[in-house]
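Single-structure report; data block below.
In the working numbering, the protein residues as written are 6 to 263.
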């Protein structure tokens, strides 16, 4: 048993699956969850990166393992959930965070194949995860799920129509699923981050001037660090948020308040 560190919610002995855990928000969440007492299973296509993070956590006396997880592959998702149950005795929570971005183009210039890819990862990836996670959560007697959307799933932005559509779909799916399983002891919520300094964001924006302009667009005048999102994830997956389900939690520096 790992005792939660001071200031962390209590997730002692909860087995938590994190998708997209090899970097960015997923990695930050996995680290905070482990420090909150959880047994964290890090999943991503980059198994080596997940294993390196898991090894670092174990070196700190925390509990973590790594699995290959491609959310576009149903069998891969099923195997990751099976790993949680076989190796750790069950699944109690999941942070479905894997996602992708596309080019910034007007809708009529978007490649249909690229649109399909974005939907496959961002929306159908969550569908696949829920299909396999929910039965495991039911077997465990309930639990919590947090799905990553985006402020682009709450409002709109020019040039990223397919991305916004995929994230709006995550919000709708999550709310419907929350209603489906509320009386089965499963809570399902949505995290909608704004601009967070991750590998995806810095790869999407070509220079520091664009990052600065994005920061100026938020009331706080800055971009978040991934480490600021981790505590939100831990809290949402803990019993501290026990009366929250079907909720969309924005972490955007006030962007959607404008």
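Think of the CB as a built atom: it goes at the ideal place given N, C-alpha and C, for glycine as much as any other residue.
- Each of 232, 231, 205 and 200 was checked against the Cα of residue 217, and the nearest Cα belongs to 200.
- Scanning the stretch 155-195 for uninterrupted alpha helix (DSSP H) segments of 4 residues or longer gives 166-186, listed from N- to C-terminal end.
- The alpha-carbon separation between residue 20 and residue 44 amounts to approximately 5 Å.
- Less than 8 Å divides the Cβ of residue 74 from the Cβ of residue 24.
- For residue 81, there is no enclosing beta strand (DSSP E); the residue is part of the alpha helix (DSSP H) that begins and ends at 79-93.
- Annotation: the continuous beta strand (DSSP E) that includes residue 73 extends over 68-73.
- The Cβ-Cβ distance between residue 170 and residue 96 does not fall below 8 Å.
- Of the residues 38, 125 and 35, the one whose Cα lies closest to the Cα of residue 76 is 125.
- In the same chain as residue 123, and ignoring 5 residues on each side of it, the C-beta atoms closer than 7 Å to its own belong to 105, 107, 167, 168 and 171, in chain order.
- For residue 96, the three-state secondary structure derived from DSSP is coil.
- CA-to-CA, the gap between residue 214 and residue 228 works out to about 13 Å.
- In the three-state reduction of the DSSP assignment, residue 142 falls in the helix class.
- Residue 203 places its beta carbon less than 8 Å from that of residue 231.
- In this chain, residue 76 is not harboured by any alpha helix (DSSP H), its DSSP state being neither H nor E.
- Just so you know, the alpha carbons of residue 149 and residue 225 end up roughly 30 Å apart.
- Per DSSP, the continuous alpha helix (DSSP H) segment holding residue 62 begins and ends at 52-64.
- For residue 256, the uninterrupted beta strand (DSSP E) segment begins and ends at 253-256.
- Per the C-alpha coordinates, the member of 175, 207 and 187 positioned closest to residue 196 is 175.
- Contact annotation: the stretch 81-89 does not touch the stretch 28-36, with fewer than three C-beta pairs closer than 8 Å.
- Out of 50, 87 and 35, the CA that lies nearest to the CA of residue 137 is found in 87.
- Following the DSSP letters along the chain, one finds residue 149 inside the beta strand (DSSP E) bounded by residues 148-153.
- Here residue 192 has 149 and 250 as same chain residues with Cβ atoms under 6 Å from its own Cβ, once five neighbours each way along the sequence are excluded.
- By the Cβ-count criterion, residue 100 is buried, with 16 or more other Cβ atoms from all chains shown falling within 10 Å of its own Cβ.
- Assigned with DSSP and collapsed to three states, residue 224 falls in coil, not helix or strand.
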